[in-house]
Structure formats: C-alpha cells, structure tokens
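All you need for my numbering is the position in the sequence shown, starting with 1, plus 26. Notes follow the structure.
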Amino acid sequence: MTASVTIETTADAALLASIHRAGFDEPWSEAFFASLLSQAGVTAWIAASPQPVGFILMRAVAEMAEILTLAVRPENRGQGIGRALVERALAEVKALNAQKCFLEVAKDNTAAVALYRACGFALCGERPRYYARGTDMIDALVMERKLT
27 MTASVTIETT ADAALLASIH RAGFDEPWSE AFFASLLSQA GVTAWIAASP QPVGFILMRA
87 VAEMAEILTL AVRPENRGQG IGRALVERAL AEVKALNAQK CFLEVAKDNT AAVALYRACG
147 FALCGERPRY YARGTDMIDA LVMERKLT
C-alpha cells in the first residue's frame, strides 16, 4: 500500500461501492455507502497503489468501534493491503479512545477469518444464518479485539 486517504464524506460513495462490487457477491450500493458515511463516527480509509485498490469502513462511538466492511479488489489480494488497512483503522479508533473493536465475518470466508486472527481478533460469538449468498444462508462469526 503506497498511500492511504481518509474519507469522511459522502463524496466517495461511488468509489467505495465500485471496490465493494468487485469483491462481494452481494455488494452494497452507492446510496448505502453515502448513508453510512453521513452518520456520525463513520470513516473509511482507502488504500491506493497508485489507484484505489481497497478500503475499510469503520464506526467508532464512545469506547466501541466496529469494522463495517473491508474490501480489496480481487487482483490486489494477498499483498498485505487488507492487513495494512485494518492496522491503520485500529490505530485511528484507538486514538479516539475506543477500547474494543468488533466485526462480523462470514464463517466460510477463511481468508478474512485468517486476516482478522492475524490482526489480533478473537472469536466471541456467532450469528446463525446472518449472510445471504444467493439462496444460501451463511453463519457469521463475531470477533473482537481489545485495543487497550
């Protein structure tokens, strides 16, 4: 990752939707990203190399933070971009006094689960049938990391 840009406005919702669409079967829309980015405490960080190749979207409220989504274009995976984004975002929310960070990840997404474990997240629960993938329902793992 050669650059990281902080996004706190709805102006880049189309870019986030484009990257998300490249990496997810059920991508979020530009309108949905614009809605999220208009909420207090929601920030995205974009990785560029030199063009935008990934992003992480976080919510931080009081002492709690949550990774809402992380996306890296398929052709750029395996280069440490996801890990760099997670580490950057965690450092930022920790500086805002967040004590813990949570996330949900599809149980069958072994690459993402491995990434989050490598970044210090631990399993703290499950949400049965949380994600829809076509006609299938996939369980979500709930993971947390203490930031103190």
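All residues carry an ideal CB built from backbone N, CA and C; glycine is no exception.
{"query": "Using the rule of at least 16 other Cβ atoms within 10 Å of the residue's Cβ for burial, across every protein chain shown, is residue 169 buried or exposed?", "result": "buried"}
{"query": "Judging by CA-CA distance, which residue of 132, 149 and 142 is the nearest neighbour of residue 165?", "result": "132"}
{"query": "In angstroms with no decimal places, state the Cα-to-Cα distance between residue 93 and residue 167.", "result": "13 Å"}
{"query": "Got a sec, what are the start and stop residues for the alpha helix (DSSP H) residue 141 sits in?", "result": "136-144"}
{"query": "When DSSP labels each residue in this structure, what does residue 152 get in the three-state scheme?", "result": "strand"}
{"query": "Anyone know if the C-beta pair for residue 96 and residue 138 falls short of 9 Å?", "result": "yes"}
{"query": "Can you name the start and end residues of the alpha helix (DSSP H) that residue 48 belongs to?", "result": "39-49"}
{"query": "Which whole-angstrom value is the C-beta distance of residue 90 and residue 124, which I expect to be below 8 Å?", "result": "6 Å"}
{"query": "Which ranges would you report for the beta strand (DSSP E) in the segment 97-124 if only whole runs of at least 3 residues count?", "result": "none"}
{"query": "Please classify residue 52 as buried or exposed, where buried requires at least 16 other C-beta atoms within 10 Å of its C-beta.", "result": "exposed"}
{"query": "Alpha carbons only, please: which of 38, 76 and 72 is nearest the one belonging to residue 59?", "result": "38"}
{"query": "Count the other C-beta atoms from every protein chain shown that fall within 10 angstroms of the C-beta of residue 152, then say buried if there are 16 or more, exposed otherwise.", "result": "exposed"}
{"query": "With burial defined as no fewer than 16 other Cβ atoms inside 10 Å of the residue's Cβ, what is the status of residue 99: buried or exposed?", "result": "buried"}
{"query": "In the DSSP assignment, find the unbroken alpha helix (DSSP H) run with residue 170 in it and report its ends.", "result": "Unbroken run through residue 170 is the beta strand (DSSP E), 162-172; no alpha helix (DSSP H)."}
{"query": "What are the boundary residues of the alpha helix (DSSP H) that includes residue 56?", "result": "56-63"}
{"query": "For residue 146, which of 158, 171 and 135 has the nearest alpha-carbon?", "result": "171"}
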